[in-house]
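Everything below concerns the one structure shown next.
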Amino acid sequence: MKQRLLVFIMSGLVLGVGVAALSSGQVSAVEVFNNCAGGGNSSVCSSANTDKADSMVKIIINTLLSLLGIIAVIMIIVGGIKYTTSAGDSSRIKSAKDTVMYSVIGLIVAILSFTIVNFVLDKF
11 MKQRLLVFIM SGLVLGVGVA ALSSGQVSAV EVFNNCAGGG NSSVCSSANT DKADSMVKII
71 INTLLSLLGI IAVIMIIVGG IKYTTSAGDS SRIKSAKDTV MYSVIGLIVA ILSFTIVNFV
131 LDKF
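Numbering (the numbering used here), first residue to last: 11 to 134.
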């Protein structure tokens, strides 16, 4: 049950990021390039001269999807630890296997989302 909740939460996070990225609300300008004057080499500074909102959206979405992938890998490790410490209890083994399975599904969703977002933003 906890694993399904985790998958639901992770799916909601991905969906929420997509909706937030595509929503058309009021926008106010924020100067994010103030620290780039000293020759900063971050991804934000490298997009300083492009004047494209899609580059900033791409950076934000890629960062969030990377965090989602990291969380999925951590959950795979947690599932492995649960499996190792199950001591032969069948319910704990099933719980550990479910954790690993849902974490792998979450990792696949994160990788596919990352690929689709980059493809769409590069083409349009």
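Built from N, CA and C at the ideal position, the CB exists for glycine as well.
- [ ] Compare the C-beta of Ile87 against all C-beta atoms of chain D and say whether one is closer than 8 Å.
- [x] Reference to chain D is not applicable here, since this structure consists of a single protein chain.
TODO: Take the Cβ of Gly98 as the centre, count every other Cβ of all protein chains shown within 10 Å, and call the residue buried at 16 or more, exposed below.
DONE: Against the sequence shown, residue 98 aligns to sequence position 88. Answer is exposed; the Cβ neighbour count stays below 16.
Task: Sequence-distant residues of its chain with Cβ nearer than 7 Å to Gly90 (five each side left out) - done: Translated into positions along the sequence shown, residue 90 becomes position 80. Closer than 7 Å at Cβ, skipping near neighbours: Val110.
Task: Cβ contact (3+ pairs, closer than 8 Å) linking the stretch 78-92 and the stretch 101-116 - done: Yes, since at least three Cβ pairs between the stretch 78-92 and the stretch 101-116 fall closer than 8 Å, the two stretches touch.
Task: Nearest to Ile81 (by Cα), restricted to the options Leu131, Phe129 and Ile118 - done: Residue mapping note: residue 81 aligns to position 71 of the sequence shown, counting from 1. That would be Ile118, whose Cα lies nearest to the Cα of Ile81.
TODO: Just the C-alpha distance for Val67 and Ile19, rounded to the nearest angstrom, thanks.
DONE: Your numbering for residue 67 matches position 57 in the sequence shown. Your numbering for residue 19 matches position 9 in the sequence shown. Going by C-alpha positions, Val67 is about 22 Å away from Ile19.
- [ ] Tell me the start and end of each unbroken beta strand (DSSP E) in the stretch 62-102 that is at least 3 residues and wholly inside, in chain order.
- [x] None, since the stretch 62-102 contains no complete beta strand (DSSP E) of that length.
Open item on the list: Once the 5 residues before and after Asp132 are set aside, which same chain residues still bring their CB inside 7 Å of it?
Closed with: Your numbering for residue 132 matches position 122 in the sequence shown. In the same chain as Asp132, and ignoring 5 residues on each side of it, no C-beta atom comes closer than 7 Å to its own.
Open item on the list: As a quick exercise: from Ser100, Ala106, Lys107 and Asn72, pick the residue whose alpha carbon is nearest that of Ile126.
Closed with: As a working note, residue 126 is residue 116 in the sequence shown. When each option's Cα is compared against that of Ile126, the closest is Asn72.
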